[in-house]
Amino acid sequence: MQVHLSLYVTRPLRRELFPIPTLLTTLDLVGAGYDDVDVVEAKRRGIKVSHTPGAVDEATATTAIYLILGAMRQFAKAETSARQGRKLSKRKVYHSIN
Numbered sequence: 014m015q016v017h018l019s020l021y022v023t024r025p026l027r028r029e030l031f032p033i034p035t036l037l038t039t040l041d042l043v044g045a046g047y048d049d050v051d052v053v054e055a056k057r058r059g060i061k062v063s064h065t066p067g068a069v070d071e072a073t074a075t076t077a078i079y080l081i082l083g084a085m086r087q088f089a090k091a092e093t094s095a096r097q098g099r100k101l102s103k104r105k106v107y108h109s110i111n
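All residue numbers for the sequence shown refer to the working numbering, where the first residue is 14 and numbers rise by one.
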């Protein structure tokens with residue numbers, strides 16, 4: 014019997030967390046890296062480790078642009094004012110890049 018496992022690792026997967034004895038042959042990680050997996054221990058036990066590089070590149074870039082625009086337009090101040098029921102002042106909501 015062989016076991017193939019896909020994981021979203023939320024904490025380090027170190028030596029003590031590998032099953033003993035193991036039926037695990039493949040460990041597929043959902044995400045861009047495998048820093049949280051003890052790859053040396055996995056290799057010693059004959060477990061193949063894979064990941065999905067590039068899977069979240071576009072979403073990360075989009076989020077970065079949204080955060081930059083939100084900071085430039087002071088979105089957090091506007092949101093706080095709106096939640097407190099205050100009207101926005103007639104201040105500029107943009108910044109010149111000159």
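Ideal Cβ placement from N, Cα and C applies to all residues, glycine included. In this text, all values refer to a predicted model and were calculated from it rather than measured experimentally.
Excluding five sequence neighbours on each side, which residues of the same chain lie with their C-beta closer than 6 Å to the C-beta of Pro66?
Correct list, in chain order: Ala45.
Inspect the beta-carbon positions of Ile60 and Thr39 and report whether they are closer than 8 Å.
In contact: Ile60 and Thr39 (Cβ atoms closer than 8 Å).
Does the distance from the C-beta atom of Val62 to that of Val53 stay below 8 Å?
No.
Would you check if the distance between the CB atom of Tyr47 and the CB atom of His64 is smaller than 8 Å?
Against a cut-off of 8 Å, the Cβ pair of His64 and Tyr47 comes out as a contact.
Nearest-angstrom Cα separation, counted from Ala91 out to Gly98
In this structure, the CA atom of Gly98 is about 11 Å from the CA atom of Ala91.
Same chain, Cβ closer than 6 Å to Arg27, five either side skipped, listed in chain order
The answer, listed in chain order, is Asp51.
Can you have a look at Ala89 and say buried or exposed, based on whether 16 or more other CB atoms are within 10 angstroms of its CB?
Using a 10 angstroms sphere on the CB of Ala89, the tally of other CB atoms stays under 16, which defines it as exposed.
Just tell me which of Leu42, Leu36, Lys56 has its CA closest to the CA of Pro12.
Since the displayed the chain opens at 14 and closes at 111, residue 12 lies outside it and no answer follows.
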